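Asks:
Protein chains in written order, with my numbering: chain E, 313 to 803; chain P, 134 to 600.
(1) Beta carbons nearer than 9 Å to chain E: which residues of the stretch 265-288 of chain P have them?
(2) Please name the residues in the stretch 235-252 of chain P whose beta-carbon is closer than 9 Å to at least one beta-carbon of chain E, in chain order.
(3) Shortest alpha-carbon distance to residue 456 of chain E belongs to which of P:520, P:213, P:385, P:390?
(4) In its own chain, which residues sit with a C-beta less than 8 Å from the C-beta of residue 787 of chain E, not counting the 5 before and 5 after it?
(5) Can you tell me which of E:535, E:491, E:424 puts its alpha carbon nearest to the alpha carbon of residue 397 of chain E?
(6) Scan the stretch 703-728 of chain E for residues whose Cβ lies nearer than 7 Å to a Cβ of chain P and list them as they occur along the chain.
(7) Determine the chain P residues that contact residue 441 of chain E at a beta-carbon separation under 7 Å, and present them in chain order.
(8) Closer than 7 Å by beta-carbon distance: list the chain P residues that pair up with residue 674 of chain E, in chain order.
(9) Select from the stretch 632-655 of chain E all residues with a C-beta closer than 9 Å to any C-beta belonging to chain P, and list them in chain order.
(10) Does DSSP classify residue 511 of chain P as helix, strand or coil?
(11) Below 6 Å CB to CB, which residues in the same chain sit around residue 761 of chain E once its five sequence neighbours on both sides are set aside?
(12) Anything in the stretch 683-698 of chain E with a Cβ closer than 7 Å to a Cβ of chain P? List those residues in chain order, please.
(13) Which residue spans inside the stretch 432-474 of chain E form an unbroken beta strand (DSSP E) run of at least 3?
(14) Does residue 661 of chain E come within less than 8 Å of chain P when only Cβ atoms are used?
(15) Am I right that residue 697 of chain E and residue 414 of chain P are in contact with their C-beta atoms under 8 Å? What's the rounded C-beta distance?
(16) Output the boundary residues of the alpha helix (DSSP H) element that contains residue 638 of chain E.
(17) Taking 8 Å as the CB-CB cut-off, is residue 375 of chain P touching chain E?
(18) May I have the straight-line CA-CA distance separating residue 470 of chain E from residue 488 of chain E, to the nearest angstrom?
(19) Is residue 231 of chain P helix, strand or coil by DSSP?
(20) Residues in the stretch 429-458 of chain P with C-beta within 9 Å of chain E's C-beta atoms, listed in sequence order?
(21) To which residues does DSSP link residue 369 of chain E through a beta bridge?
(22) Take residue 465 of chain P as the anchor and find which of P:454, P:383, P:229 has the nearest alpha-carbon.
(23) If I measure Cβ to Cβ from residue 423 of chain E and keep anything under 8 Å in the same chain, skipping five residues before and after, which residues do I get?
(24) Mind checking residue 353 of chain E: buried by the 16 CB within 10 Å criterion, or exposed?
(25) So with Cβ pairs under 8 Å, would you call residue 474 of chain E a contact of chain P?
(26) Give me the Cα-Cα distance between residue 722 of chain E and residue 665 of chain E, rounded to the nearest whole angstrom.
(27) Determine the burial state of residue 243 of chain P: buried for a count of at least 16 other Cβ atoms within 10 Å of its Cβ, exposed for fewer.
(28) At a CB-CB cut-off below 7 Å, which residues of chain P make contact with residue 794 of chain E?
(29) Classify residue 446 of chain P: buried if its beta carbon has 16 or more other beta carbons within 10 angstroms, exposed otherwise.
(30) Could you check which residue in P:254, P:487, P:424 has the C-alpha nearest to that of residue 469 of chain P?
(31) Which residues, in order along the stretch 336-358 of chain E, keep a beta-carbon less than 8 Å from a beta-carbon of chain P?
(32) For a quick check, are the C-beta atoms of residue 658 of chain E and residue 670 of chain E less than 8 Å apart?
(33) Reducing DSSP to helix, strand and coil, say where residue 361 of chain P ends up.
(34) In angstroms, rounded to a whole number, what distance separates the CA positions of residue 526 of chain P and residue 536 of chain P?
(35) Pull up the distance between the alpha-carbon of residue 629 of chain E and that of residue 245 of chain P, whole angstroms please.
(36) Answer yes or no: do residue 317 of chain P and residue 330 of chain P have a C-beta to C-beta separation smaller than 8 Å?
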């Protein structure tokens with residue numbers, strides 16, 4: 313008999329066996345509850361720390377970072393190939409990314425549709441993202457489907473078809489996508505910003521997705537060759553997070569990739585990206601005309617800390633205080649106090665050998681001048697330092713970020729990818745958290761003192777007829793003017 | 134769904150609902166058999182004397198907690214001349230109370246590592262707070278505090294500031310967002326004047342400017358009452374301790390009458406305007422084909438989710454195969470069932486390739502819909518669409534925040550927070566005949582079409598077509 317049945321039986325016996333009890337006197341009315349006037353005091357508990365993944369060797373002795381996550385029967389796998397859009401030929405910007413995309417558009421015995429159907433049948437998610445310095449292949453699937461998923465992955469990486477009709481179709485879609493990107497003022501601000509930041513001649517300057525002219529200049533042969541030159545198993549890095557043991561996974565990888573060897577000379581070596589400020593980042597000012605726009609995009613890029621810079625962690629906390637949370641300086645001023653915008657934010661972007669603080673907001677056209685004045689003032693003020701309150705908030709925010717990432721399988725996988733891409737060790741997050749926990753306002757202030765608005769690049773995308781005068785009055789300087797649909801930047 | 138803080142990408146009016154459902158894994162079929170049997174969101178539920186429904190979902194896997202508060206009020210409940218008000222009110226909920234004035238809500242939360250956001254849809258308004266476990270008592274106090282007395286601290290100055298923030302949200306998410314004009318036009322094209330869905334969630338500038346402090350107080354008094362809300366606490370906490378904290382805070386909020394609701398309008402079968410042509414600052418034309426479909430969780434709703442997958446998911450899908458691969462007349466295809474409380478919308482969007490026009494791709498897409506309604510899906514199509522949906526579901530359930538919101542959504546829309554297993558069953562039960570019946574709803578005679586063309590330039594005519 314179940315415990316519940318036992319309790320019911322006892323209750324029945326008691327009901328039958330007991331004489332009827334005299335009626336209880338009516339209970340006095342409960343006093344009305346009073347809402348606690350002050351908020352409760354929070355007692356912090358900072359005992360949690362993330363667990364670093366274990367390090368192994370796998371295919372062609374390439375490194376594998378592995379985090380075992382039993383629970384939901386899911387696995388996330390990431391493979392990083394060095395290279396990226398910085399390898400694009402000068403006349404074919406976008407070739408690397410389009411070549412990467414073709415890996416999933418027909419491989420092995422399957423054409424594009426059959427390959428897509430095979431993935432879907434087993435509920436396998438397989439994507440390729442091209443960065444400036446690397447290609448990242450991402451696969452998520454159930455543990456049960458992992459063998460099939462790895463078979464398909466092996467086809468994609470080792471036997472992509474690059475069929476000419478599919479290349480033509482993909483090119484047409486990508487050209488359309490580039491047109492769509494040019495219609496979006498925020499994307500335009502970002503792409504123009506990076507282009508000026510690096511300088512036109514830099515292999516890092518163009519959008520990773522390429523240009524319309526560059527995409528149209530690619531062929532099935534150039535795309536195939538692009539992948540052959542980058543698909544070097546010994547240069548790859550692997551990341552796995554989920555419901556599988558490392559030994560089991562390595563065995564599965566070896567079975568499918570153990571005899572994989574490169575067919576072309578490794579061409580993944582990149583020219584070093586400009587460290588710190590790009591060639592034109594010293595006080596660059598760019599105006600992009602977006603006729604009819606009701607808002608103006610303001611975007612500022614300032615040279616900051618590279619991943620290996622000892623000040624990076626403290627500096628990042630300073631950037632959180634500047635624009636990383638809802639109550640941070642930029643959002644508090646431009647949105648909550650002045651109502652110029654729906655939101656304003658800032659963040660630190662790092663890559664191999666460089667770091668950039670990017671602040672951005674979209675403001676109502678009619679307040680472009682005052683908004684730019686206020687944004688400029690805040691960015692000029694941040695090198696003066698942060699308060700203890702701001703420092704504490706930034707530390708707590710980063711700590712919560714870490715807890716949330718650790719709770720997420722694919723979030724952890726993506727974090728490990730970002731560590732690998734920036735050249736950090738697999739326990740980089742743990743090291744950052746420990747370092748960050750010790751960073752007080754003085755340490756953070758010391759780090760952010762190196763930020764310089766005047767060394768930074770300002771990009772404004774708006775209706776020049778309506779905002780140009782306000783912009784140049786709010787921030788006098790040598791402004792370059794650009795057409796939103798790709799007009800050349802005057803040098 | 135309109136988030137309080139700026140999203141990373143603009144979110145169209147109806148798409149927001151879908152994005153939410155997709156994130157939650159609602160648009161799913163059934164999980165793999167073994168996993169499906171185990172999938173559930175354990176919770177305990179009770180109701181306070183003031184009518185607030187409380188659900189506790191304990192998960193000690195990670196030292197974090199989520200507090201999700203769902204108010205059963207959305208844009209459909211707005212008064213005439215006050216479009217956008219439910220969403221504007223959502224913003225005002227963060228503007229401080231007598232006990233915690235000004236921006237204290239955000240400041241206190243962030244000081245200890247918490248963060249929050251909220252969204253408003255046609256049907257509901259949902260607030261969520263996320264933070265480390267030790268923050269739970271504060272999160273509960275702050276949420277209860279504003280449920281108790283937000284309106285008493287409302288001022289003209291607060292209203293004016295958030296009104297301008299929301300108007301900037303409208304500019305950013307629609308007016309300056311490519312093809313945003315289509316989403317702004319959609320409600321009036323689909324619904325007759327006076328229907329609760331006949332206006333956008335974001336509202337018009339004119340109506341936003343007309344909102345008053347009296348409106349705010351009345352809206353709060355009417356809709357933001359404990360009996361019209363659901364509270365979910367999820368994550369790493371002691372349920373008996375949480376009960377005590379909830380009792381001390383929410384338990385002291387006086388009961389107020391639950392809002393009286395008008396009878397739901399009759400289901401709308403046909404759109405108001407069959408064809409609408411618009412222009413925007415874009416380089417290529419795009420077309421949207423729209424149909425009225427059954428409400429969320431009604432018969433046919435799950436089948437239409439499956440139909441959307443068969444039509445557009447992957448390069449083996451029907452629309453992709455016919456319009457992108459075979460004819461080459463489109464570069465992008467998309468389909469989705471946007472499930473809503475009073476009646477849903479099915480949307481197919483198509484981007485004509487260079488040299489093709491909107492009418493051509495609409496004709497080809499309609500032919501595919503007819504073929505699906507006549508012949509039905511293949512067994513393989515049905516199986517792989519369900520497999521993908523089930524994976525989406527499984528992945529969605531990983532996130533604590535998703536589970537918290539899902540309990541509230543199921544409670545409001547089905548009356549059962551534990552509806553997860555039944556939800557899986559309803560997708561699992563969709564067969565070929567159900568798909569045919571669902572696809573048959575998507576007929577040419579029942580549809581509306583919105584075409585958006587590039588704005589004419591000085592050297593081009595205004596007729597549009599693919600450029």
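The beta carbon of each residue, even a glycine, is placed where N, CA and C say it ideally should be.
Being a predicted model, the structure only gives us computed values, none of them experimental.
Replies: Judging by the given coordinates:
(1) So the close ones are 265, 266, 267, 268, 270, 271, 273, 274, 275, 277, 278, 281, 282.
(2) So the list reads 236, 237, 239, 240, 241, 242, 243, 244, 245, 246, 247, 248, 249, 250, given in the order they occur along the chain.
(3) Within the first chain, numbered from 1, the residue matching residue 456 of chain E stands at position 144. Selected option, being the one with the closest Cα: P:520.
(4) Locating residue 787 of chain E in the first chain gives position 475, counting from the first residue. Closer than 8 Å at Cβ, skipping near neighbours: 597, 684, 685, 688, 770.
(5) Within the first chain, numbered from 1, the residue matching residue 397 of chain E stands at position 85. Selected option, being the one with the closest Cα: E:535.
(6) Those residues of the stretch 703-728 of chain E placed with their C-beta closer than 7 Å to a C-beta in chain P are 704, 705, 708, 709, 711, 712, 715, 716, 718, 719, 720, 721, ordered along the chain.
(7) Looking up residue 441 of chain E in the first chain gives position 129. Those do not exist, as residue 441 of chain E stays about 15 Å from chain P at its closest Cβ, beyond 7 Å.
(8) In the first chain, counting from the first residue as 1, residue 674 of chain E sits at position 362. Within 7 Å Cβ-Cβ: 305.
(9) Answer set for the stretch 632-655 of chain E: 637, 638, 639, 640, 643, 644, 647, 648, 649, 650, 651, 652, 653, 654, 655.
(10) Locating residue 511 of chain P in the second chain gives position 378, counting from the first residue. Residue state, collapsed to three classes: coil.
(11) Reading the first chain from its first residue, position 449 is the one you call residue 761 of chain E. Here the set comprises 695.
(12) Per Cβ criterion, the list is empty.
(13) DSSP runs (the beta strand (DSSP E)) wholly in the stretch 432-474 of chain E: 437-442, 446-454.
(14) For the purposes of this step, residue 661 of chain E is taken as the residue at position 349 of the first chain. Chain P contact via Cβ: absent.
(15) Indexing the first chain from 1 puts residue 697 of chain E at position 385. Indexing the second chain from 1 puts residue 414 of chain P at position 281. No, residue 697 of chain E and residue 414 of chain P are not in contact; Cβ-Cβ is about 42 Å, not under 8 Å.
(16) Position 326 of the first chain holds residue 638 of chain E. It is not in any alpha helix (DSSP H) - residue 638 of chain E carries neither H nor E in the DSSP assignment.
(17) As a working note, residue 375 of chain P is residue 242 in the second chain. No, residue 375 of chain P does not count as interfacial toward chain E.
(18) Walking along the first chain from the start, residue 470 of chain E turns up at place 158. Walking along the first chain from the start, residue 488 of chain E turns up at place 176. The straight-line gap from Cα to Cα measures roughly 29 Å.
(19) By 1-based counting over the second chain, the position of residue 231 of chain P is 98. In this structure, residue 231 of chain P counts as coil in the three-state DSSP scheme.
(20) So the list reads 442, 446, 447, 448, 449, 450, 453, 454, 457, 458, given in the order they occur along the chain.
(21) The count along the first chain starts at 1 and reaches residue 369 of chain E at position 57. In DSSP, residue 369 of chain E forms a bridge with E:375.
(22) One-based indexing of the second chain puts residue 465 of chain P at position 332. Of the listed residues, the one whose Cα sits closest to residue 465 of chain P is P:454.
(23) As a working mapping, residue 423 of chain E is identified with position 111 in the first chain. For residue 423 of chain E, where only same-chain residues beyond five positions count, the Cβ hits under 8 Å are 473, 475, 478.
(24) Locating residue 353 of chain E in the first chain gives position 41, counting from the first residue. So residue 353 of chain E counts as exposed.
(25) Residue mapping note: residue 474 of chain E aligns to position 162 of the first chain, counting from 1. Output row for residue 474 of chain E: interface = no.
(26) The residue labelled residue 722 of chain E in the question sits at position 410 within the first chain. The residue labelled residue 665 of chain E in the question sits at position 353 within the first chain. Rounded to whole angstroms, residue 722 of chain E to residue 665 of chain E spans 26 Å at the Cα level.
(27) The residue you call residue 243 of chain P lines up with position 110 of the second chain. With 16 or more other Cβ atoms inside 10 Å of its own Cβ, residue 243 of chain P counts as buried.
(28) Position 482 of the first chain holds residue 794 of chain E. By Cβ distance, chain P contributes nothing, its closest Cβ being about 16 Å from residue 794 of chain E, past 7 Å.
(29) Within the second chain, numbered from 1, the residue matching residue 446 of chain P stands at position 313. Counting other Cβ atoms within 10 Å of its Cβ, residue 446 of chain P reaches 16 or more and is therefore classed as buried.
(30) Position 336 of the second chain holds residue 469 of chain P. Per the Cα distances, P:424.
(31) Near chain P, meaning a CB-to-CB distance below 8 Å, the residues of the stretch 336-358 of chain E are 344, 345, 346, 347, 348, 349, 350, 351, 352, 354, 355, 356, 357.
(32) To locate residue 658 of chain E, count along the first chain from 1; it is residue 346. To locate residue 670 of chain E, count along the first chain from 1; it is residue 358. Yes, Cβ-Cβ distance for residue 658 of chain E and residue 670 of chain E is below 8 Å.
(33) On the second chain, residue 361 of chain P is found 228 positions in, with the first residue counted as 1. In the structure shown, residue 361 of chain P sits in a helix (DSSP, three-state: H, G or I).
(34) By one-based count along the second chain, residue 526 of chain P stands at place 393. By one-based count along the second chain, residue 536 of chain P stands at place 403. Cα to Cα, the separation comes out at about 11 Å.
(35) Counting from one through the first chain, the residue named residue 629 of chain E turns up at place 317. Counting from one through the second chain, the residue named residue 245 of chain P turns up at place 112. Cα-Cα distance, rounded: 15 Å.
(36) For this step, residue 317 of chain P is matched to residue 184 along the second chain. For this step, residue 330 of chain P is matched to residue 197 along the second chain. In this structure, residue 317 of chain P sits away from residue 330 of chain P, with a CB-CB distance that is not shorter than 8 Å.
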